[in-house]
């Protein structure tokens with residue numbers, strides 16, 4: 006079995022995990038914005054997420070000979086009656102992660118990729134990292150760790166401000182466009198000659214067609230280009246394509262889902278920590294702790310199970326106005342399936358690398374991978390046009406939020422310790 010033992014190796018795992026975990030939410034948001042049902046996307050995602058855990062367990066978890074105090078994956082897998090308390094903690098962590106991921110999929114549609122990732126990740130650090138610090142017997146430097154946690158907390162409030170300000174900007178853009186269209190229609194009507202009913206009927210087709218009022222004002226103005234990111238036309242076009250309609254919904258629904266997902270994320274890492282280190286002494290004397298790969302397998306199986314159950318329900322009883330679907334429609338829906346499968350692989354490998362680094366350097370320090378919003382915000386701004394043509398207030402809040410977030414992550418990385426064998 007391969008184990009990460011050095012601090013440098015742990016940091017490398019965290020950085021690689023950071024990229025993977027910051028990219029998969031952007032893929033889910035991309036598919037939703039192009040009309041793919043979130044139920045279909047998440048079912049595909051859940052399958053490859055589980056396959057990633059199985060692949061890691063059967064490769065890295067099987068390297069070398071199995072030892073009594075450090076068994077390989079398959080050896081320990083068949084010892085479930087002895088280590089079931091730890092397995093239960095790992096599976097509880099998987100349930101927490103799956104519910105959090107499912108919630109964040111809908112939150113991203115309502116509140117935007119960038120803000121959702123920052124707020125949920127910050128809540129995870131504020132709650133989860135504090136718990137992990139005490140579970141890890143304080144191997145991380147408290148005088149460095151907790152100022153970083155405080156910076157994450159500030160980022161939460163800034164993230165809420167960014168979302169509220171950006172929502173106000175979008176509302177203003179749409180109102181301005183409505184006023185402009187009303188004015189254009191009024192001008193067109195005033196420039197069109199009026200005819201009485203009899204003369205209009207008796208006129209030739211050519212004469213009558215020459216005076217028809219243009220129905221499509223955009224075509225009448227000669228505009229056939231794709232709308233620019235951030236414009237009102239872009240927002241309207243996006244609303245027409247996406248599977249979750251957001252116009253007219255309260256901003257607090259998106260923020261509520263974001264906070265809920267952050268709380269769910271706060272539990273999965275501490276639960277995994279307990280599963281691998283048995284801080285509550287639930288294992289019998291002489292029974293080895295779960296190795297990272299076995300714990301990750303149990304973690305991923307429960308995550309897959311809860312995802313399958315909830316999304317099967319959502320196929321027939323969708324939430325937030327999504328269309329109803331069926332298993333037959335899901336199996337036939339190949340539009341974007343490759344991207345959804347890729348998202349599951351990225352998340353699976355990202356979580357595995359986070360846990361490998363956490364077992365070596367402390368799970369509190371491993372929560373530095375919650376810097377994933379830096380990656381997600383990059384995708385949100387570049388690929389999805391979030392915050393384009395926003396107000397100066399929104400840009401100021403966004404810059405402040407990301408700056409605070411970068412400071413917090415740097416401080417958290419600096420608190421890394423080293424777990425004793």
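Residue numbers (the numbering used here): 6 to 426.
For glycine and all other residues, C-beta sits at the position ideal for the given N, C-alpha and C.
Since the model is a prediction, treat every value here as computed from it, not as a measurement.
For residue i versus residue j, is the C-beta distance shorter than 8 Å?
i, j, result
"residue 36", "residue 46", "yes"
"residue 304", "residue 95", "yes"
"residue 269", "residue 25", "no"
"residue 100", "residue 362", "no"
"residue 410", "residue 160", "yes"
"residue 334", "residue 107", "no"
"residue 170", "residue 11", "no"
"residue 61", "residue 326", "no"
"residue 296", "residue 76", "yes"
"residue 50", "residue 345", "yes"
"residue 272", "residue 58", "no"
"residue 260", "residue 44", "no"
"residue 22", "residue 359", "yes"
"residue 132", "residue 262", "no"
"residue 56", "residue 7", "no"
"residue 98", "residue 402", "no"
"residue 163", "residue 275", "no"
"residue 113", "residue 34", "yes"
Give the single residue among the options whose Cα lies nearest to the Cα of residue i.
i, options, result
"residue 349", "296, 32, 75 and 120", "32"
"residue 174", "323, 98, 399 and 415", "399"
"residue 158", "295, 105 and 129", "129"
"residue 83", "300, 151, 137 and 58", "300"
"residue 384", "298, 103, 87 and 120", "120"
"residue 336", "48, 86, 64 and 17", "48"
"residue 412", "56, 338 and 156", "156"
"residue 54", "316, 347, 339 and 88", "347"
"residue 394", "65, 132, 172 and 317", "172"
"residue 30", "16, 89 and 381", "381"
"residue 138", "284, 125 and 341", "284"
"residue 79", "88, 63, 87 and 90", "63"
"residue 154", "20, 124, 166 and 167", "124"
"residue 87", "364, 340 and 287", "287"
"residue 17", "408, 407 and 355", "355"
"residue 264", "317, 408, 148 and 105", "105"
"residue 298", "152, 52, 338 and 81", "81"
"residue 314", "52, 19 and 407", "52"
With 16 other CB atoms within 10 Å as the buried threshold, where does residue i fall?
i, result
"residue 74", "exposed"
"residue 331", "exposed"
"residue 92", "buried"
"residue 127", "buried"
"residue 266", "buried"
"residue 328", "exposed"
"residue 85", "exposed"
"residue 415", "exposed"
"residue 343", "exposed"
"residue 215", "In this predicted model, residue 215 has a pLDDT of only 37, less than 50, meaning its place in the structure is not dependable; the value taken from the coordinates is given anyway. Label assigned to residue 215: exposed."
"residue 122", "buried"
"residue 227", "A caution first: residue 227 carries a pLDDT of 45, below 50, which makes its placement in the model too unreliable to give a value."
"residue 177", "exposed"
"residue 13", "exposed"
"residue 340", "exposed"
"residue 109", "buried"
"residue 19", "buried"
Could you check if residue i belongs to the surroundings of the ligand MG, using beta carbon to heavy atom distance under 7 Å?
i, result
"residue 40", "Of the ligands one can find in the structure shown there are none, so the ligand MG has no counterpart to examine."
With 8 Å set as the bound, which would you pick, yes or no: does the beta-carbon of residue i sit closer than that to a beta-carbon of chain C?
i, result
"residue 312", "No chain C is part of this structure, which consists of one protein chain only."
key: Touching by the beta-carbon criterion (3+ pairs, under 8 Å), the region 280-294 and the region 36-45   = Pairwise C-beta distances place the region 280-294 out of contact with the region 36-45, as fewer than three of them are shorter than 8 Å.
request  = Report yes or no: do the region 59-70 and the region 279-286 share at least 3 C-beta pairs separated by less than 8 Å?
outcome  = With the cut-off at 8 Å, the region 59-70 and the region 279-286 do not touch.
inquiry  = Quick check for students: name the residue ranges of the alpha helix (DSSP H) that lie wholly in the region 79-137, counting only runs of 4 or more.
reply    = Runs of the alpha helix (DSSP H) lying entirely within the region 79-137 and spanning at least 4 residues, in chain order: 85-116 and 118-129.
query = What are the uninterrupted segments assigned as alpha helix (DSSP H) that are 4 or more residues long and contained completely in the region 271-327, given in chain order?
reply = With a minimum length of 4 residues, the continuous alpha helix (DSSP H) runs that stay inside the region 271-327 are 297-321.
query = Could you give the uninterrupted runs of the beta strand (DSSP E) lying entirely in the region 25-73, keeping only those of 3 residues or more?
reply = For the region 25-73, there is no continuous beta strand (DSSP E) assignment of 3+ residues that stays within its boundaries.
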